[in-house]
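Take the sequence shown: its letters are residues -16 to -1, 1 to 279, numbered as in mature numbering (1 follows the signal peptide of the UniProt record, and there is no 0).
Using N, Cα and C, we set each Cβ at its ideal position, and we do this for glycine too.
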Amino acid sequence: MLRCALFLTLLAACAANDWPCPQPATILPCVCTADAQYELTMDCSDVQNSKTLAQVFQTHFSFNSFKQLIINPTNPSISLQDLPAGVFGPVSFKKIDITNTRIHTVEEQALVNSHTTLEYLNIQDNKINNFSFETLKLFTALVNFNIANNKLSGTCPDIESGSLLFLNLSDNSGFTLRAETFLKAPYLEKIFLNNMRLGASVPADVFKSLKFLEELQMNHNDIPGELIENFIDPELRPLMSLTLNNNKITQLHHLAITGKSHYTTTAMHACPANNRHHYLRKPFPHSNVTKFSKL
């Protein structure tokens, strides 16, 4: 009897040491850690499929509000291909980093419990070809969304968000924009659209509604010929950094880029050099640094 009581005491002490995380064996292959404020981070980098992931999040947790989810495997499992509805059970997150996986589908209800808590969503470097962009408006605290280097194609759905500040769509070749793409995301400050093969498809007014745009990257897009009038024209003109490196731009209309502040830096490295003098004859207003060079 004494031995039994001692064993139970030791077991309780071990469980207390894990608190507020559950006992490690109950959430394998995931690992739970807690910071000094008892905010939980769950690292599920070793999970092999969505069924196992769902089982982990059916575990009883001291709190259902997590600080962060990490899935960043060294050797991606070929069986982890989707994030289905309900996969995270009742748990919500402030920050999600899911990278370097073979996930191709994130279902509409996969992150439903994080609609009011999620601030940072990083799902770059996966195989995603199906994401419900229409749900972005439901994430009322989301400020940073990175879905770069996936398999998105076709026309980008309209981005609708009252909170989003940073958006990265880079390295989704063939993912094109409409004039209305950013119309319902008025607070965007930074947009990265690199290596998307946009070519001549960029609508003239696509950035016009972005009154707070500070940084725009559109490198490696094969944008050809002359940049037309009002190609970039944010209404309140706070733009601080613009990069159009490694395109096929040969000429600039003198009003092509008008939404710039007094401190804007513009870079257009490795564009065709045969019309570089044309650039310099028509400098942009309100700019202190403009770079046009052949690398």
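Cβ neighbours of residue i in the same chain (closer than 6 Å, five flanking residues each side left out)
i	result
Asp27	Val15 and Ile54
Asn178	Ser154, Gln201, Asn203 and His204
Ser98	Ser76 and Phe77
Thr160	Thr139 and Ser185
Phe41	Phe72, Gly73 and Val75
Separation of residue j from residue i, as counted between CA atoms
i	j	result
Gln32	Lys195	44 Å
Arg265	Gln235	Note that Arg265 scores a pLDDT of 31, beneath 50, so its modelled location is shaky; the value from the coordinates is reported in the next line. Each residue's alpha carbon lies about 11 Å from the other.
Cys(-13)	Phe150	For Cys(-13), the predicted structure reports a pLDDT of 49, less than 50, and the residue's modelled location is therefore unreliable. A value from the coordinates is still provided. Looking at the two C-alpha atoms, the distance is approximately 57 Å.
Ser29	Glu23	19 Å
Asp189	Phe166	10 Å
Val186	Glu164	11 Å
Pro57	Pro13	12 Å
Arg35	Val71	The question names Arg, but residue 35 is Lys in the sequence shown. Each residue's Cα considered, the two are about 8 Å apart.
Leu182	Glu198	21 Å
Pro4	Asn230	50 Å
Thr43	Arg162	44 Å
Ala38	Phe176	33 Å
Residue i - DSSP class collapsed to helix/strand/coil
i	result
Tyr247	Since pLDDT at Tyr247 reaches only 42, below the 50 mark, its modelled position is unreliable, and no value is offered.
Leu151	strand
Gly18	Going by the sequence as given, residue 18 is Ala instead of Gly. If DSSP states are grouped into helix, strand and coil, Ala18 belongs with the strands.
Phe117	helix
Asp2	helix
Val90	strand
Pro8	helix
Ser98	helix
Leu105	strand
Met180	coil
Ser46	coil
Gln65	coil
Ile207	coil
Lys195	coil
Asn128	strand
Contacts around residue i, its chain only, beta-carbon distance under 8 Å, and the 5 residues preceding and following it disregarded
i	result
His88	Gln65, Asp66, Asn110, Lys111, Ile112, Asn113, Asn114 and Lys135
His261	Caution is warranted here: a pLDDT of 35 is assigned to His261, below 50, making its placement in the model unreliable, and the coordinate value is therefore given only provisionally. The answer is none, since no qualifying residue turns up.
Asn258	Here the model assigns Asn258 a pLDDT of 41, short of 50, so the residue's position is not dependable, and the following value carries that caveat. Result list for Asn258: Thr234, in chain order.
Pro8	Asp2, Val15 and Cys16
Asp19	Thr25 and Lys51
Ser137	Asn113, Asn156, Ser157, Gly158 and Phe159
Pro60	Asn84, Thr85 and Arg86
Unbroken beta strand (DSSP E) run spanning residue i, endpoints
i	result
Gln52	Ser49 to Ile55
Ser76	Ser76 to Ile82
Thr25	Leu24 to Asp27
Gly70	Neither: Gly70 is in no beta strand (DSSP E) and is coded neither H nor E.
Gln201	Glu199 to Gln201
Phe123	Premise fails: Phe123 is in no beta strand (DSSP E) and is neither H nor E.
Thr58	Here Thr58 belongs to no beta strand (DSSP E), and DSSP marks it neither H nor E.
Thr227	Leu223 to Thr227
Start-to-end residues for the alpha helix (DSSP H) that takes in residue i
i	result
Leu37	Ser34 to Val40
Own chain residues within Cβ distance below 7 Å of residue i, not counting five before or after
i	result
Glu144	Leu120, Lys121, Lys168 and Ala169
Ser46	Trp3 and Pro4
Proximity test, residue i beta-carbon vs the ligand GDP heavy atom, cut-off 7 Å
i	result
Pro74	The ligand GDP is not part of the structure shown, which contains no ligands of any sort.
Next item on the list: Kindly confirm or deny that the region 115 to 130 and the region 79 to 98 touch, where touching means at least three C-beta pairs closer than 8 Å.
Entry: Enough Cβ pairs lie closer than 8 Å, so yes.
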